[in-house]
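Data block below; observations after.
2 protein chains.
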Amino acid sequence: MQPATATLANLKIDGDRLRADFEALAQIGETSGGGINRLALSSEDLLARAWFADRVEDAGLRIRDDDAGNLSGLLLSSNANAKTLLVGSHLDSVPNGGRFDGSLGVCAALECLRTIREAGVALPVHLETIDFTDDEGCWRSLFGVRAMAGMLTPDDINDTRGDNAPFRAALTRAGIEPRQVFGARREPESFAGYVELHIEQGSRLERGGIDIGIVTGIVGRTTFEIKFHGQAGHSGTTDMYKRRDALRGAAQFITRAHDVTRERYGDGIFNCGNIDVQPGAFNVIPSRARLTVEVRHVNAAMLGEMETTLMRLARESAAAHLLTVDIERLGGMPAATMSETFIETVEAVCQKLGVSHTRLVSYAGHAAQITSQFMPSAMIFIPSVEGISHHPREFSKWEDVVNGANVLLHTILKLSCSASAG
Amino acid sequence: MQPATATLANLKIDGDRLRADFEALAQIGETSGGGINRLALSSEDLLARAWFADRVEDAGLRIRDDDAGNLSGLLLSSNANAKTLLVGSHLDSVPNGGRFDGSLGVCAALECLRTIREAGVALPVHLETIDFTDDEGCWRSLFGVRAMAGMLTPDDINDTRGDNAPFRAALTRAGIEPRQVFGARREPESFAGYVELHIEQGSRLERGGIDIGIVTGIVGRTTFEIKFHGQAGHSGTTDMYKRRDALRGAAQFITRAHDVTRERYGDGIFNCGNIDVQPGAFNVIPSRARLTVEVRHVNAAMLGEMETTLMRLARESAAAHLLTVDIERLGGMPAATMSETFIETVEAVCQKLGVSHTRLVSYAGHAAQITSQFMPSAMIFIPSVEGISHHPREFSKWEDVVNGANVLLHTILKLSCSASAG
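Residue numbers (the numbering used here), protein chains in the order written: chain A, 1131 to 1552; chain B, 1131 to 1552.
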């Protein structure tokens, strides 16, 4: 029985049911410190996936998994040729991460589909709640969604570069055949779009007292290994003008890279996360400094410009200290723009529901970074207390979770109608 | 039979005999790359000491060893109450070091005593050629000479701080009883002075085309461990104004410390030899950077001022990035001044022998740094090709070695007479 439009407009998710799911899931891989250890393809991740499959069945949804291990619950339209509106996130966590990152999006998507199913709405699109495999990159960043996008390369699986055997073993244990993962690719035309609810992982919403953040873009991220090469020598006796101190050049680069990023690239981020120095003794001039570097920007063109500027800075810092430098681009994720139509849809929903909202940029990577390359995508953020994330203290207030889930629900409903009309 | 003074003035060491010794010693611990691995108390070091003891016996000198393993050959005065003029260096090497560092001084001192004994000179002082235990600090820097000086502390041997068990085991294997090492102390009044021939380990002599360097002072050296403490966080999402990046503060400190040293302390040296960063991932803001730092200056007061300035700089760099800092002074060696009388004696010898000479400062540590605290001391440097040291390519021309050994011989003879007159 189809409820009246007036009833649909007042549809709400069941907060208690969502909370029961959320708390049950938080026990899988829970650490003594209150955090979550649920690394992709670990036994904890497999337990969480089994739990999710049970909830999908309980909800009367159809289970689907693909060749890359992405796990879905489907609420099908009566129109077999309908497009699919994908709603999801991920069940895996970073090491000693928090209870909200990913889990929130999966539980809320499941609750939305349950609510819609119970309301007996006739769907012009298929709805699919999905858990993407290894979103956090314990093995390969955004593995599952890249498989769906057809963006995996043989390097991701084969031993053409590095030892992929442990990853293949982990896939195999999870019932995923490494040679078949490319089969997870789906046609872009089959999708109506992608929506994800997530915690902000920053403190802009909390500081502004705003209920909902609507993501306009996701930062692109490029990682580099930069090696400064000098010459070892006795720290006391080597002539000053002959010194080729790899760490001195590296330190100047780190300092200047941070400064230049702040001066020229307001939204850009530079991080040097590690240095390895050789030979590493008190009284020996460092001959090598190997840096672990990351560059982020939300604008793809600006990201490219930042990379060029910072790598030139590395070469200048090397030259200033008589060093040579090797720069290797290790990987990255593209900068992504969310769909303006979808953003406006979420804004309209927020206004209708009477929750405050703002547009913002995501400085963390998400599956939408990939989905947005081939389908319209949106992300809905709720406030993170103190902006803490990837940490056991990661927390969001329950009223914000319920707010977010209801915004997700009505965004799904509104996008479904638009997709049907389109 | 006592030779005439005219004959004494023409006395020369036997270059071929010195070369035979030098090359025999260079085979003990020789590496495939042409370097020397003869770490203090290693089996190679023990072999070298046994070889040296044999040469001392062959030369008709009296063997002496003390409770800290210092090994000597004595050429005694007929006056049993005479003071001792100590001439020596060390047989141990740094890892993969060169053939000249230390070995030259021991072989040349042995050759000088042999030459003097064969000349039948009546000695107003006892002459003692010595190999100091662990001069390079594989276990404890300048261990043997500090034992002789009575400068060892229980910390050097006991487990009051750190695990000294491996060091005690190495001492025991070498026949040195760890609890007895303090017994190596000798009375300052028993010495006439200390002289050492060494390679420069820098390139000032080679660049100036000068035969002999006469050391005026030896740099003092202080080592620190400096820990910058910040807070780990997601490199993408953490608010810019909340970042407490330990590596950013550390990098600024390293850069500024080098700059300030060059600007304000012309003769001073700053070295940061290592950094350890935690947690060390691409996408995590570093929470801790632990630096291995060394400060050197030839002037004790200036060394103290440098330490104060640089440690203030560490605190300022920490404060500028919202970090805290722990500074631990790990150890050091005092700045030392050589005896002006001894310096003038070496200068007079050089003039008599017709070799060019200059005064210079030693930027490396040496036993004379300790001996000069309680007896007049001198160091004679010969040129190092390209200034390379602590490296298999460490090299000095043989004519420079012979020059240096003859300057050492006549310095011993001249100081012996002065000591007798004094």
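Ideal Cβ positions, reconstructed from N, Cα and C, are used throughout, including at glycine.
What is the residue span of the beta strand (DSSP E) that residue i lies within?
i, result
"residue 1256(B)", "1256–1261"
"residue 1219(A)", "1214–1219"
"residue 1141(A)", "Run containing residue 1141(A): none; DSSP gives neither H nor E here."
"residue 1346(A)", "1342–1348"
"residue 1512(A)", "1507–1512"
"residue 1322(B)", "1321–1329"
"residue 1458(A)", "1454–1463"
Where do the N-terminal and C-terminal ends of the alpha helix (DSSP H) with residue i fall, by residue?
i, result
"residue 1188(B)", "1173–1188"
"residue 1479(B)", "1470–1483"
"residue 1520(A)", "Run containing residue 1520(A): none; DSSP gives neither H nor E here."
"residue 1237(B)", "1233–1249"
"residue 1437(A)", "1430–1450"
"residue 1275(B)", "1273–1279"
"residue 1421(B)", "Not the alpha helix (DSSP H): residue 1421(B) falls in the beta strand (DSSP E), residues 1418–1427."
"residue 1499(B)", "1498–1501"
Chain A partners of residue i, CB-CB under 7 Å?
i, result
"residue 1384(B)", "1377, 1378, 1381"
"residue 1246(B)", "Result: empty, since nearest Cβ-Cβ is about 31 Å, beyond 7 Å."
"residue 1424(B)", "1365, 1412, 1413"
8 Å is my cut-off, CB to CB: does residue i come that close to chain B?
i, result
"residue 1414(A)", "yes"
"residue 1494(A)", "yes"
"residue 1131(A)", "Reliability of the predicted coordinates at residue 1131(A) is poor, the pLDDT of 46 falling under 50, and no value is obtained from them."
"residue 1220(A)", "no"
"residue 1353(A)", "yes"
"residue 1226(A)", "no"
Output, in chain order, the set of chain A residues within a Cβ distance shorter than 9 Å of residue i.
i, result
"residue 1349(B)", "1366"
"residue 1332(B)", "1364, 1366, 1367, 1368, 1369"
For residue i, which residues in chain A fall below 8 Å Cβ to Cβ?
i, result
"residue 1429(B)", "Correct list: empty, because the minimum Cβ distance to chain A is about 15 Å."
"residue 1407(B)", "1403, 1404, 1405"
Would you decide whether residue i is buried or exposed? Buried here means 16 or more other CB atoms lie within 10 Å of its CB.
i, result
"residue 1146(B)", "exposed"
"residue 1356(B)", "buried"
"residue 1307(A)", "exposed"
"residue 1305(B)", "exposed"
"residue 1266(B)", "buried"
"residue 1375(B)", "buried"
"residue 1513(A)", "buried"
"residue 1528(A)", "exposed"
"residue 1450(A)", "exposed"
"residue 1363(A)", "buried"
"residue 1371(A)", "exposed"
"residue 1193(A)", "exposed"
"residue 1471(B)", "exposed"
"residue 1302(A)", "exposed"
"residue 1523(B)", "exposed"
"residue 1210(A)", "exposed"
"residue 1421(A)", "buried"
"residue 1190(A)", "exposed"
"residue 1317(B)", "exposed"
"residue 1416(A)", "buried"
"residue 1465(B)", "buried"
Does residue i come within less than 8 Å of chain A when only Cβ atoms are used?
i, result
"residue 1401(B)", "yes"
"residue 1420(B)", "no"
"residue 1388(B)", "yes"
"residue 1552(B)", "Per-residue confidence for residue 1552(B) stands at a pLDDT of 42, beneath the threshold of 50, marking its modelled position as unreliable; no derived number is given."
Requested in this report: Using a Cβ-Cβ cut-off of less than 7 Å, give me the residues of the segment 1515–1528 of chain B that come near chain A, in sequence order.
Outcome: 1517, 1519, 1520
Requested in this report: Can you give me, in chain order, the residues of the segment 1256–1286 of chain B that have a beta carbon less than 7 Å from any beta carbon in chain A?
Outcome: none
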